[in-house]
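There are 2 protein chains.
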Amino acid sequence: MEVPGSRSGEAPNPRYSGSYVVSRPVYSELAFQQQCERRLQERKTLRERLAESCSCSRKRVLGVLKTFLPILDWLPKYRVKEWLLSDIISGVSTGLVGTLQGPFPVVSLMVGSVVLSLAPDENFLIPSGNGTASNVTIVDTVARDAARVLVASTLTLLVGIIQLVFGCLQIGFIVRYLADPLIGGFTTAAAFQVLVSQLKIILNVSTKNYDGILSIIYTLVETFQNIGHTNLADFVAGLLTIIICMAVKELNDRFKHKIPVPIPIEVIVTVIATAISYGANLEKNYNAGIVKSIPRGFLPPALPSVNLFSKMLAASFSIAVVAYAIGVSVGKVYAVKYDYAIDGNQEFIAFGISNIFSGFFSCFVATTALSRTAVQESTGGKTQVASIVSAGVVMIAIVALGKLLEPLQKSVLAAVVIANLKGMFMQVCDIPRLWRQNKVDAVIWVFTCIMSIILGLDLGLLSGLVFGLLTVVLRVQFPSWNGLGSILSTDIYKSTKNYKNIEEPEGMKILRFSSPIFYGNVDVFKKCIKSTVGFDAIRVYNKRLKALRKIQKLIKKGQLRARKNGIISDAGSSNNAFEPDEDIEDPEELDIPTKEVEIQVDWNSEIPVKVNVPKVPIHSLVLDCAAVSFLDVVGVRSLRVIVKEFQRIDVNVYFASFQDHVIEKLEKCGFFNDNRKDIFFLTVHDAVLHVQHQVKSREIQDSILETISLIQDHKDPLELMEAERIEEELNAEDEAMRRLAT
Amino acid sequence: MEVPGSRSGEAPNPRYSGSYVVSRPVYSELAFQQQCERRLQERKTLRERLAESCSCSRKRVLGVLKTFLPILDWLPKYRVKEWLLSDIISGVSTGLVGTLQGPFPVVSLMVGSVVLSLAPDENFLIPSGNGTASNVTIVDTVARDAARVLVASTLTLLVGIIQLVFGCLQIGFIVRYLADPLIGGFTTAAAFQVLVSQLKIILNVSTKNYDGILSIIYTLVETFQNIGHTNLADFVAGLLTIIICMAVKELNDRFKHKIPVPIPIEVIVTVIATAISYGANLEKNYNAGIVKSIPRGFLPPALPSVNLFSKMLAASFSIAVVAYAIGVSVGKVYAVKYDYAIDGNQEFIAFGISNIFSGFFSCFVATTALSRTAVQESTGGKTQVASIVSAGVVMIAIVALGKLLEPLQKSVLAAVVIANLKGMFMQVCDIPRLWRQNKVDAVIWVFTCIMSIILGLDLGLLSGLVFGLLTVVLRVQFPSWNGLGSILSTDIYKSTKNYKNIEEPEGMKILRFSSPIFYGNVDVFKKCIKSTVGFDAIRVYNKRLKALRKIQKLIKKGQLRARKNGIISDAGSSNNAFEPDEDIEDPEELDIPTKEVEIQVDWNSEIPVKVNVPKVPIHSLVLDCAAVSFLDVVGVRSLRVIVKEFQRIDVNVYFASFQDHVIEKLEKCGFFNDNRKDIFFLTVHDAVLHVQHQVKSREIQDSILETISLIQDHKDPLELMEAERIEEELNAEDEAMRRLAT
């Protein structure tokens, strides 16, 4: 029953000075569920669920169709007037940039290593002389390149198949695990990989083809070892290209609002460099490394060699995932910017189908290039129409312009790539911000980056993923926890550390544990409880047992006496109120093994033996479980153990704010076989009020018992009358207390 | 200010009929923190923490010493009278059983595979003839066995070193991840491994030594393929042994309270079988496989060959972990039973030191045998003294009795092992119980078991561990969530699905999300919100934009008119209260690009264009974040996005019950750069009351504005007076409302 509160004298809240009054019964979970007629939820059976998910409606079929052919979804909605022009402009710009850059360099490197290992130079050696058995052999480059194209296109097909299978198996949920810090570290490492691979082209020094762990480091080291062989013409051309490109890009960026389309500096530089190289004949005069031959036109469709599949399966897996991961991570950047969601499974299917298709046309594994995506977006591209236009531009370039670019220095191309990596490297600047905001995220960034550099991109991505998940487990495993106290005598309970005006209810401890309780953190949970209550329940129990054993020995020896109700007293004590109990000297009784129940000891008073029994200053422990989102069997068992351990030392454990589904789990796991359901309360405040009431009742009861025993011990009729009066008074007091409390 | 409630008419709670009244201000987090003087916590710097953990006190040194030599801890506390006798009885029984069983068979198998691969038969071939170049070669068994012992003891040393290092590095926390279901599945798989390896001994058929993935399956298949070569004498002896052992063990178990010590049936069977084999000369007459040679006495200490380390490093790692895992998992069973905790690091150190020591004495990797542990416990062993006694018994047996056992059939020993596996296999019966209690735990059990059988124990354990952690991640990632409603007009909010007498506050939705919000589940979180509110905020916004665009077109064409305050009206409508606005035909104004703010549309009324704009039936969304135990940067960003997305469509988002440390995280991540802190409330009820007050105020304000605009439109002095009266009345009403609400 909620009633609007009367206007409070002062306005404590700067925005809204309302106050509220709630008057309701103290609810244990059981009472609440009974009163409010809890419904048991009907769970669907497996069969029902299957039937549901396999049902086939027209809308559903259309949805599936659109997943495989999303063009059915967006093309009918195309706004020709608004979008077409910008799509065409954007497509042409992207096409120009794309003409001179291949696919994303990281995937190229990964494909390259497979190609080199399956079709190495050694397989294509032919004797150089005419039939003479000379030691000099040369490489049959034509056969080698054909074989390599075959390997690459077979790989593309296999990658496509894997991606399509992943998409159909709904593995796309993996996108979720590609957290921003992970993507940041990963793409930075990828940029570093690319940088190293382009560096040796700029310097025009050759290195071995390293493979596997640390290969990038070996390559870097060997590049610097051979730095003496640098070709100056290539180096100077590369350096100039980098400087010019980066400067113009900076200008593009600064004046992007003033110029309609960014200056396509890559195209300009390439054209000029080709002209210079051709004019000065750099190849002959300076031994510069030039592109030399660009294949013109298209290769005819060819059947990939399926028998290579088994040899490239492992590599295909990692390429499939890495190519996908790059595409999705770039996509995520724009999904955040333009407010749409990426469907991870659809991406897998798209990549898969396009790779399978292109596998038959001597194509390369598809992925996403951040740089060209950025160009398409910043030049105003709206839809996939821009991509179609840019593909057309690239096609024209391949068919018509390839030949013209043959004198171009390779180092210029490499320099263009490096100049485009700036954005990726700038991600390093995120680390300090991340560290300030969330240290774990910063660690994930750095870990993924370092691992991707050391182990290679595939294993690096995997280890980053696993590490990321591990941090989640650790954060769940080592949660925050607080001892709580009530504030200003309200129903609000907050951490005792955080507030000044806070008090713990007398004789009680309240603990909030902010995490599920499962096998990984039951130990942590127990430690939290120990730290909150200030003692170890097991140790207290053991010490008490030890003390009891000694007390019983003393009783045996007659140095201690026990009253009938079990309360012990020092035999030599001057307290005459306690009469020696005659039964205790009965030798038969003493032979019964010691059990705690036989002798009652007030453990918080001085005990007569030298055993250091830790004091237990509380009678109740309330566990605030609002943030316990699930329990497993190990968790349920430890809750049971904890309740038992504390009951042994006369501390009652109560649970507050458990969520309904967690209580259901407790039920299933048999928690209520040895625990009553009324130790569960709706809120911490309900539990505290309940406990306070219980304590009051018990105190009253105790004082009555005390009086009665006093009366029975002293048979003086006058005292008896006095005692009766006291008892009556106490009863009245009890009744009054009850009336007040309820 | 809490006041004890008056006695309620009925007692709704069966146990405690108390009720309570709380009257307090409505608190937003900000107001609460200001009023209650929140303390900012001082965090320790890294240096302070280091100094703390490196401080060196006498107690600390003693603690560390006890970790390495726990005997210092328990021996002084030994209760000679109570424990010694049962320790000796238990030790002798265990020793007798232990004499005839080697270490835990799983570890033996793992060590065996290393030994076989590093010292195979082929390395010890010698020509059989006297110098003739015949093709027949025999194996130099003496040299081979010496080499194999060397490999095994070197392996033991290396395993010990690894375990000691793990212990010192505090890797023992890994014990936490050995959940009960994982251990159940793992030990069952181990039992299966042992069963298969013993099966071929009972049948006396030989198989190849398989290694790696699926080896156990291959062995099993080959055993059955060669089943035709079974030696009947061995098979019958084995079968009889199994039947007898299991029967007697069953009796032992049934009458364990009546017999002082279980019948050591293993010892008896072994003695009888040896006698029969010797008497009937089974080896010669039936070609039975017998033990043949048991080395007597002890080998002298020998230096392990350290140069083998590199070859066995990988295997040592898995043996170190598996041996440890078995020991700890058996230990955990008794830790639960006898209420003590296992210190994972101390176990590592103990195993490590003992293995390093025994590595120099041609010993075998140490681990725990469940069967003998069970014997020691059930015969009354209390402390490690029992272990010392049983070690003594084994020593006597080795020195004196070895020779006598040489005629024993191997199949009898194998049968003894199999008979002891029953307990392990019985663990399968746990699965149905686990499935009922917690399906995830059952799946972990089965997964670990199957993987350990397929991949081998080392990889199986690893995959089980990873799978277990993954389930934690998944449970965190796909948490339970509920739409909440208030119950009986109290301050209690529960899932709308679970209770009958529940109502959602008008125009509001309340969602409780029971999990941290992090990169892995932001998508899930968004889906939960969508499902709770019943619409997609992004889609609503886009549809509204589309409708606005059409409306503007209509206005341009003159088919629609808009009032000054932006509310549109149908130009052809008969509603004469809305006068056409003259400004709207101004062509200049129409050229300004459409922005939502320019035209106000009442989206919940009929709109004049054919756009299917989803209805938004709510004005506020309250997120109950009591169970959000942490946030990462991705989580914070999605919260920010969600608030923004809903604000765009005029739905306010409020957060309730956030924990203090989570709010701190929000602050650090810049959440309050674009959000005010007063959308955070202490409880759901505070938030709901606040919203209801806001709505009331706004309604009053709107009606005043409406009146004023009516007044300004109609300049009739009489109407003006009437309007003034209305306004006054409204103001009074407003004041009254305010007084009521605050």
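Note that the protein sequences, when read in sequence, are chains A and B.
Count the first sequence with our numbering and you get residues 1 to 742, in order.
Count the second sequence with our numbering and you get residues 1001 to 1742, in order.
The beta-carbon is built from N, C-alpha and C at its ideal position, and this holds for glycine as well.
DSSP beta-bridge partners of residue i
| i | result |
| --- | --- |
| residue 1481 of chain B | B:1513 |
| residue 1631 of chain B | B:1517 |
| residue 1502 of chain B | B:1487 |
| residue 1656 of chain B | B:1624 and B:1681 |
| residue 1139 of chain B | B:1125 |
| residue 493 of chain A | A:486 |
| residue 1508 of chain B | B:1620 |
| residue 28 of chain A | A:681 |
| residue 150 of chain A | DSSP output for residue 150 of chain A lists no bridge partner at all. |
| residue 290 of chain A | A:409 |
Buried or exposed by the 16-neighbour rule on C-beta atoms within 10 Å, applied to residue i
| i | result |
| --- | --- |
| residue 1366 of chain B | buried |
| residue 549 of chain A | exposed |
| residue 297 of chain A | exposed |
| residue 1153 of chain B | buried |
| residue 1689 of chain B | buried |
| residue 602 of chain A | exposed |
| residue 481 of chain A | buried |
| residue 491 of chain A | buried |
| residue 1460 of chain B | buried |
| residue 669 of chain A | buried |
Nonlocal neighbours in the same chain, by C-beta distance under 6 Å from residue i, ignoring five residues either side
| i | result |
| --- | --- |
| residue 1395 of chain B | none |
| residue 347 of chain A | 328 |
| residue 1096 of chain B | 1264 and 1267 |
| residue 279 of chain A | none |
| residue 1626 of chain B | 1657 |
Same chain, Cβ closer than 7 Å to residue i, five either side skipped, listed in chain order
| i | result |
| --- | --- |
| residue 87 of chain A | 381, 382, 383, 385, 386 and 389 |
| residue 1728 of chain B | none |
| residue 1533 of chain B | 1509, 1618 and 1621 |
| residue 414 of chain A | 198, 201, 202 and 238 |
| residue 156 of chain A | 355, 358, 359, 363, 364 and 365 |
Cβ-heavy atom distance, residue i to the ligand ADP, below 7 Å
| i | result |
| --- | --- |
| residue 345 of chain A | With respect to the ligand ADP, the structure shown offers nothing to examine, as it has no ligands at all. |
Neighbourhood of residue i by C-beta distance below 8 Å, restricted to the same chain and skipping five residues each side
| i | result |
| --- | --- |
| residue 1353 of chain B | 1068, 1160 and 1164 |
Report task. Evaluate the contact criterion for the stretch 446-460 of chain A versus the stretch 1670-1682 of chain B: three or more CB pairs, one atom per stretch, below 8 Å. Result -> They do not touch, by the three-pair rule.
Name the residues in the stretch 1669-1694 of chain B whose C-beta lies less than 7 Å from a C-beta of chain A; which are they?
Result list: 1669, 1678, 1682, 1689, 1690 and 1693.
Could you say if the stretch 1696-1709 of chain B and the stretch 1502-1519 of chain B meet the contact criterion of at least three C-beta pairs nearer than 8 Å? No contact exists between the stretch 1696-1709 of chain B and the stretch 1502-1519 of chain B.
Between the stretch 243-252 of chain A and the stretch 410-426 of chain A, are three or more C-beta pairs nearer than 8 Å? They touch, by the three-pair rule.
Using a Cβ-Cβ cut-off of less than 9 Å, give me the residues of the stretch 170-195 of chain A that come near chain B, in sequence order. Listed in sequence order: 173, 175, 176, 177, 178, 179, 180, 181 and 182.
Open item on the list: Counting beta carbon pairs with one atom in the stretch 551-561 of chain A and one in the stretch 604-612 of chain A, are three or more of them shorter than 8 Å?
Closed with: At 8 Å Cβ cutoff, the stretches touch.
Give a yes or no on contact between the stretch 431-445 of chain A and the stretch 1427-1442 of chain B, applying the rule of three or more CB pairs nearer than 8 Å.
Contact fails: fewer than three Cβ-Cβ distances are below 8 Å.
**Prompt:** Is it a yes or a no for the stretch 1179-1196 of chain B touching the stretch 537-545 of chain A, going by three-plus beta-carbon pairs under 8 Å?
**Reply:** Not touching, per the Cβ criterion.
Segment contact, 8 Å Cβ cut-off, at least three pairs: the stretch 226-235 of chain A with the stretch 486-498 of chain A = Not touching, per the Cβ criterion.
The stretch 618-630 of chain A: which residues have C-beta closer than 9 Å to a C-beta of chain B, in chain order?
Answer in chain order: 626, 627, 628, 629 and 630.
Three or more beta-carbon pairs under 8 Å between the stretch 314-322 of chain A and the stretch 107-120 of chain A, yes or no? Touching, yes.
### Message
Does the structure place the stretch 1461-1468 of chain B close enough to the stretch 1164-1183 of chain B that three or more beta carbon pairs sit under 8 Å?
### Response
With a cut-off of 8 Å on Cβ pairs, the stretch 1164-1183 of chain B is in contact with the stretch 1461-1468 of chain B, counting three or more such pairs.
TODO: Determine which residues of the stretch 1652-1663 of chain B have a Cβ less than 8 Å from any Cβ of chain A, and write them out in chain order.
DONE: Here the close residues are 1657, 1659, 1660 and 1661.
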